[in-house]
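S.K.:
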Amino acid sequence: MRKQSGVTLMELLVAASIIAILAAVAIPSSRGFLGKGKLDAHANDREILQTSVDVWRNTIGRTIGRPYPILQGGEDCLGKLDPIGGIPSAAGCNPYVDIAALATQGFLQNSASIKSADPSKNTTATNTKSGSYGWWVDTGGVVKSHPDFLQGVYP
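Just so we're aligned, residue -12 is where the sequence shown starts under the working numbering, counting upward by one.
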């Protein structure tokens, strides 16, 4: 009698089911890593901008009379954003962080170093990427993004 070698149908089905179970477990957890990475990158951009804005306030802001590097207006314009559209809500005010000014003065490596910044809101310079967030300064000098972090969106 000749010995037959090979794989039975049952063995193939068991192997396929094990692979399917592993894929079902691995794919959602890898998505979690990507989402966490985007959240961390957004938080990192905020920290970099906050540090730059604080250093600006303690050096340049004292000499030019404008405490924060915002695009237009003085301290009375801080935090004046339309909560829905994100457009400054008072005439002559634009509390968005002027990223180009921070880069020009040496507080940032360059205007493209904040990948999440929306160039139409934060600067007249062009970033290498068009970001999704407008970074602004509130009345307490805290840098915030508009909109707040969107799950899975970065830049």
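From the three backbone atoms N, C-alpha and C, an ideal C-beta is built for every residue, glycine too.
How far does the beta strand (DSSP E) with I57 in it extend, from its first residue to its last?
M.R.: That run of the beta strand (DSSP E) goes 57 to 59.
S.K.: Check the C-beta distance from I86 over to S98 and give it rounded, since I have them as a contact under 8 Å.
M.R.: About 5 Å; that satisfies the 8 Å criterion.
S.K.: Would you give the residue range spanned by the beta strand (DSSP E) that S132 belongs to?
M.R.: Looking at the DSSP string, the run of the beta strand (DSSP E) that includes S132 is 130 to 133.
S.K.: For L36, collect the residues of the same chain with a Cβ closer than 7 Å to its Cβ; drop the 5 residues on either side in sequence, then sort them by chain order.
M.R.: Cβ within range, chain order: V84, I101, W122, V130.
S.K.: For L(-1), does the count of other Cβ atoms within 10 angstroms reach 16, so buried, or fall short, so exposed?
M.R.: With fewer than 16 Cβ atoms within 10 Å of its Cβ, L(-1) is classed as exposed.
S.K.: In or out: N114 buried (at least 16 other Cβ within 10 Å) or exposed?
M.R.: Low per-residue confidence applies at N114: pLDDT is 41, beneath 50, and the placement is therefore not dependable, though the value from the model is reported in the following sentence. By the 10 Å Cβ count, N114 comes out buried.
S.K.: Measuring CA to CA, which of Q92, P56, L89 is closest to C80?
M.R.: Answer by Cα proximity: P56.
S.K.: Do you know whose CA, among T(-5), A104, L65, lies nearest D135's CA?
M.R.: The candidate whose alpha carbon is nearest that of D135 is A104.
S.K.: Which whole-angstrom value is the C-beta distance of Q96 and I47, which I expect to be below 8 Å?
M.R.: With a Cβ gap of about 17 Å, Q96 and I47 do not count as contacting.
S.K.: With DSSP as the reference, label A2 as helix, strand or coil.
M.R.: The answer is helix: DSSP assigns A2 an H, G or I state.
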